[in-house]
Amino acid sequence: MVGLPSLHAVMAMAATTAMFVAFARGRMAIEIVSLLTITGIGLALYFLPLPGQQPGDGLALAFGGFGHPALITICALMIMGRGLVVTGALEPLVRVLERVWRLNRWLGLLVTLLFAMAMSMVINDTPVLVLLLPILAQLATRGGMASSKTLIPVNAAVLIGGMATTIGTSTNLLVVSIAVDLGLPAMSVFHFTPLVLAAGVIALPYLWLVMPRLLPDNSVTATHEPRRFRATMRIDGGGEYVAKRVDEFRAGLPRDFAFHDAPDGPLSANSRLTVSGTHEALEEATRQLGARLAPQWLLTRIRAESKAKGVDLVVAELALTADSRLCGLTIPTSGIADAHGVAILGVDFAPRRWGQGGDDPSNTELAEGDVLLAIGDLDRLREFAQADALLILDGMTEVPRRAKALLALGIMGGAVGVASVGLLPIAISALAGAIAMLVTGCVRFDRVGRALSAKVIVLVAASIAIGRVVLESGAAEWLGQILALLLSALPPAGILAAIMLFVTVLTNFASNATAATVGTPIAFSIARQLGLPPEPLVLAVLFGCNLCYATPVAYQTNMLIMAEGGYGFRDYVRTGLPLVLLMVVSLSVMLVIRYGL
8 MVGLPSLHAV
18 MAMAATTAMF
28 VAFARGRMAI
38 EIVSLLTITG
48 IGLALYFLPL
58 PGQQPGDGLA
68 LAFGGFGHPA
78 LITICALMIM
88 GRGLVVTGAL
98 EPLVRVLERV
108 WRLNRWLGLL
118 VTLLFAMAMS
128 MVINDTPVLV
138 LLLPILAQLA
148 TRGGMASSKT
158 LIPVNAAVLI
168 GGMATTIGTS
178 TNLLVVSIAV
188 DLGLPAMSVF
198 HFTPLVLAAG
208 VIALPYLWLV
218 MPRLLPDNSV
228 TATHEPRRFR
238 ATMRIDGGGE
248 YVAKRVDEFR
258 AGLPRDFAFH
268 DAPDGPLSAN
278 SRLTVSGTHE
288 ALEEATRQLG
298 ARLAPQWLLT
308 RIRAESKAKG
318 VDLVVAELAL
328 TADSRLCGLT
338 IPTSGIADAH
348 GVAILGVDFA
358 PRRWGQGGDD
368 PSNTELAEGD
378 VLLAIGDLDR
388 LREFAQADAL
398 LILDGMTEVP
408 RRAKALLALG
418 IMGGAVGVAS
428 VGLLPIAISA
438 LAGAIAMLVT
448 GCVRFDRVGR
458 ALSAKVIVLV
468 AASIAIGRVV
478 LESGAAEWLG
488 QILALLLSAL
498 PPAGILAAIM
508 LFVTVLTNFA
518 SNATAATVGT
528 PIAFSIARQL
538 GLPPEPLVLA
548 VLFGCNLCYA
558 TPVAYQTNML
568 IMAEGGYGFR
578 DYVRTGLPLV
588 LLMVVSLSVM
598 LVIRYGL
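The opening residue of the sequence shown carries number 8 in my numbering; numbering runs sequentially from there.
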């Protein structure tokens, strides 16, 4: 017979339910709900301490999450993930993906799914999806598969990959940390990876061949052509295409790139060619050809100045107004380089003059409505725009610090490798990796705020506080007794599946952090009540927290793709529920086999 819960247990369950309902309703920001939860726990335990504790102990419990190793690890991984993005360390892999998609879109989707799974095992889910989202959208506009048919499958692959390691998501770290606090031995980075990979192999055909067919085609016809810039390309002497005819390598260049005065014979060193294309196409073509869109001396000076100032270079689009002094001047006669320290990479001439196809952009007079593609540090670009009556348009992008790409990869690989073989705890290796990213300049210290998410920080801190109070108040023990009574007639596989489904429901309608903090102590209690090893039940909770496919509010990446894919709630339900059931069954069977239950 299960007795009544204590007053503190009732209060803990009430606080957990209140946080759950607030997250589900979505009327208040996650950060506000998290901070209110921490404050409420602190005040309640200050005026009504747990048995045998002092008021100050309650405050330490409520605010202890901010110094918890799990939160430190999460922040460190965010910083390292930012380092990979800003250094362009993943760009070579991205270019390979684009080439595969051009060969065959179904093969491209398969490779993208595998790539997404692999990358999200060691990098937080959100940066991986942020990296892939514009690629899939761009491929859709070039005749590939509609982004509405690819984004949900790729998001699901990212979530499955993130489930496979202890550092794949902040939720995994949270579950493992709570479990260690409860007495479970620490798990290595790849402790349960084989289980998830086996389930991922089973789910892959569904993601690849079935999911896209269940999703609508929400592609729309573009209302305008992307901005194309006319530029002067300077061929360096050491490029691999020097002494080759343009026809020999034209097919490998971006589709949005074109020559306007290609030589009839072989390409010669130090030649100047008139080209056009989108910003992305021009950048990719210059990389392939070993070329430049501005004089070498100017680019060298701009890079040296930005390095000395410790700021990043930015590429921006600036439109000429009627009052601009540049109207009637050419790029060489404008004195932009000397006056403002920026370089003009290309010009999108106003429509009335775009028909002058063969004009050299360096010798064509500028006019109102022309758009300049310029590179420099942000202060220089703003000064240039203000001084010469220009409008800074949308589309400003930071120039990746590619010189540090290999260094960023080495730091990430070293941090993960050291933790995976057990030489150091992941909290220490991740923190060391984050410090290395800052010291080496892969991530600038003044840009750390862009890497860290305040929402994640306060959410994790609140979740840790909830987890501790649910445990120490006796609420987990009482709920465990209730669930153990209900599940006692089920076989081990059924118990694992029931726990996983319970946590999955929580994670799809509230947050995975809430599901983790509620489910982990309960799993421990059920294991003790039924005489089962706790580790498989804890893993059932961890896996359930990651099965957030069925609603758009279940995880931040689900919301991230909603607008781009034009999805409705039913699209997530239609494709997510079968995947949830497939993963629950396969993972439950894997756990039974692994632990001999």
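Note that the Cβ used here is the ideal one computed from N, Cα and C, for glycine as well. All figures in this text were calculated on a predicted structure; none of them were measured in a lab.
Counting along the chain, where does the alpha helix (DSSP H) carrying residue i start and finish?
| i | result |
| --- | --- |
| Val282 | Looking at the DSSP string, Val282 is not in any alpha helix (DSSP H); the run it does join, the beta strand (DSSP E), is Arg279 to Gly284. |
| Gly95 | Unbroken run through Gly95: none, as it is neither H nor E. |
| Glu324 | Glu324 -> not in any alpha helix (DSSP H); beta strand (DSSP E) instead, spanning Leu320 to Leu327. |
| Val599 | Phe576 to Tyr602 |
| Val343 | One detail in the question is off: residue 343 reads as Ile in this sequence, not Val. It spans Ile343 to His347 - the alpha helix (DSSP H) in which Ile343 sits, taken as one unbroken run. |
| Leu57 | Premise fails: Leu57 is in no alpha helix (DSSP H) and is neither H nor E. |
| Ile442 | Ile433 to Val446 |
| Ile185 | Ser177 to Asp188 |
| Leu549 | Pro541 to Asn553 |
| Leu333 | Careful: Leu333 lies outside any alpha helix (DSSP H) and carries neither H nor E. |
| Ile399 | First-last for Ile399: Leu397 to Ile399, but that is the beta strand (DSSP E), not the alpha helix (DSSP H). |
| Thr307 | Gln303 to Lys316 |
| Leu204 | Thr200 to Pro212 |
| Ile167 | Ser154 to Met170 |
Could you compute how far the alpha carbon of residue i sits from the alpha carbon of residue j?
| i | j | result |
| --- | --- | --- |
| Trp361 | Leu385 | Because Trp361 sits at a pLDDT of 46, beneath the cut-off of 50, its placement in the model cannot be relied upon, and the following sentence gives the value as read from the coordinates. C-alpha separation (whole angstroms): 29 Å. |
| Phe54 | Ala534 | 33 Å |
| Ala396 | Ile338 | 16 Å |
| Gly551 | Pro585 | 14 Å |
| Asp243 | Gln303 | 10 Å |
| Leu546 | Thr558 | 22 Å |
| Thr200 | Leu191 | 18 Å |
| Asn519 | Ile464 | 14 Å |
| Asn111 | Pro223 | 20 Å |
| Leu214 | Leu398 | 44 Å |
| Ile6 | Asn515 | Here the chain covers residues 8 to 604 and nothing more, so residue 6 does not appear. |
| Thr230 | Val129 | Residue confidence is low: Thr230 scores 42 on pLDDT, short of 50, so the model does not pin down where it sits. No coordinate-derived value is stated. |
| Thr228 | Ala147 | Residue placement at Thr228 cannot be trusted, given a pLDDT of 46 that sits under 50; what the coordinates show is reported in the next sentence. About 11 Å. |
| Pro368 | Leu216 | 47 Å |
| Leu78 | Ala468 | 7 Å |
| Ala29 | Leu400 | 39 Å |
| Ala210 | Leu139 | 20 Å |
| Ala315 | Thr239 | 28 Å |
| Leu604 | Ala288 | 56 Å |
| Gly74 | Arg235 | 50 Å |
Identify, in the order they occur along the chain, each residue of the same chain with its Cβ nearer than 6 Å to the Cβ of residue i, setting aside the five sequence neighbours on each side.
| i | result |
| --- | --- |
| Gly115 | Val107 and Trp108 |
| Met568 | The sequence given here has Ile at residue 568, not Met. Within the same chain, Ile568 has close Cβ partners Leu158 and Asn162. |
| Gly481 | Ser13 and Ala16 |
| Val165 | Ala123, Ser127, Asp132, Val135 and Leu136 |
| Leu513 | Ala522 |
In terms of residue numbering, what span does the beta strand (DSSP E) encompassing residue i cover?
| i | result |
| --- | --- |
| Val354 | Ala350 to Asp355 |
| Arg241 | Phe236 to Ile242 |
| Leu379 | Val378 to Asp384 |
| Ala265 | Phe264 to Phe266 |
CB-CB under 7 Å to residue i, same chain, minus the five flanking residues each way: which ones, in chain order?
| i | result |
| --- | --- |
| Ala344 | Leu305 and Ala350 |
| Val103 | none |
| Thr23 | Ile473, Val477 and Val525 |
| Val587 | Thr511, Leu554, Tyr556 and Ala557 |
| Leu549 | Asn179 and Val182 |
| Val450 | Ile86, Arg89, Gly90, Val93, Met444 and Ala458 |
| Leu414 | Thr447 and Cys449 |
| Met35 | Ala29 |
| Ala25 | none |
| Ala206 | Met590, Ser593, Leu594 and Met597 |
| Leu143 | Ser154, Thr157, Leu158 and Val161 |
Near residue i, which residues of its chain fall below 8 Å by C-beta distance, leaving aside the five closest residues on each side in sequence?
| i | result |
| --- | --- |
| Val196 | Thr172, Thr173, Ile174, Val423, Ala426, Ser427 and Ile433 |
| Glu606 | Coverage of the chain is limited to positions 8 through 604, which leaves residue 606 absent and any answer about it impossible. |
| Leu320 | Ile309, Arg310, Ser313, Ile382, Gly383, Asp384, Glu405 and Val406 |
| Gly365 | At Gly365 the pLDDT is 44, less than 50, meaning the model places this residue with poor confidence and gives no usable figure here. |
With residue i and residue j assumed to form a contact (beta carbons below 8 Å), what rounded beta-carbon distance in angstroms separates them?
| i | j | result |
| --- | --- | --- |
| Met419 | Met124 | Between Met124 and Met419 the Cβ distance is about 17 Å, and since that is not below 8 Å, they are no contact. |
| Ala530 | Ile506 | 6 Å |
| His572 | Ser184 | The identity of residue 572 in the sequence shown is Gly, whereas the question assumes His. Rounded, the Cβ-Cβ distance is 34 Å, inconsistent with contact. |
| Ser595 | Leu503 | 5 Å |
| Ser532 | Ala483 | 5 Å |
| Asp377 | Ala357 | 5 Å |
| Ala437 | Ala83 | 4 Å |
| Leu325 | Ala374 | That belief does not hold up - the Cβ atoms of Leu325 and Ala374 are roughly 14 Å apart, past 8 Å. |
Tell me whether residue i, by its Cβ, gets closer than 7 Å to a heavy atom of the ligand PLP.
| i | result |
| --- | --- |
| Pro12 | The ligand content of the structure shown is nil, which means the ligand PLP is not present either. |
Three-pair Cβ contact test at 8 Å for the segment 284 to 296 versus the segment 251 to 269
yes
Examine the Cβ distances between the segment 271 to 279 and the segment 248 to 257 and report whether three or more of them are shorter than 8 Å.
yes
When you compare the segment 439 to 446 with the segment 40 to 51, are there three or more beta-carbon pairs, one atom per stretch, that lie closer than 8 Å?
no
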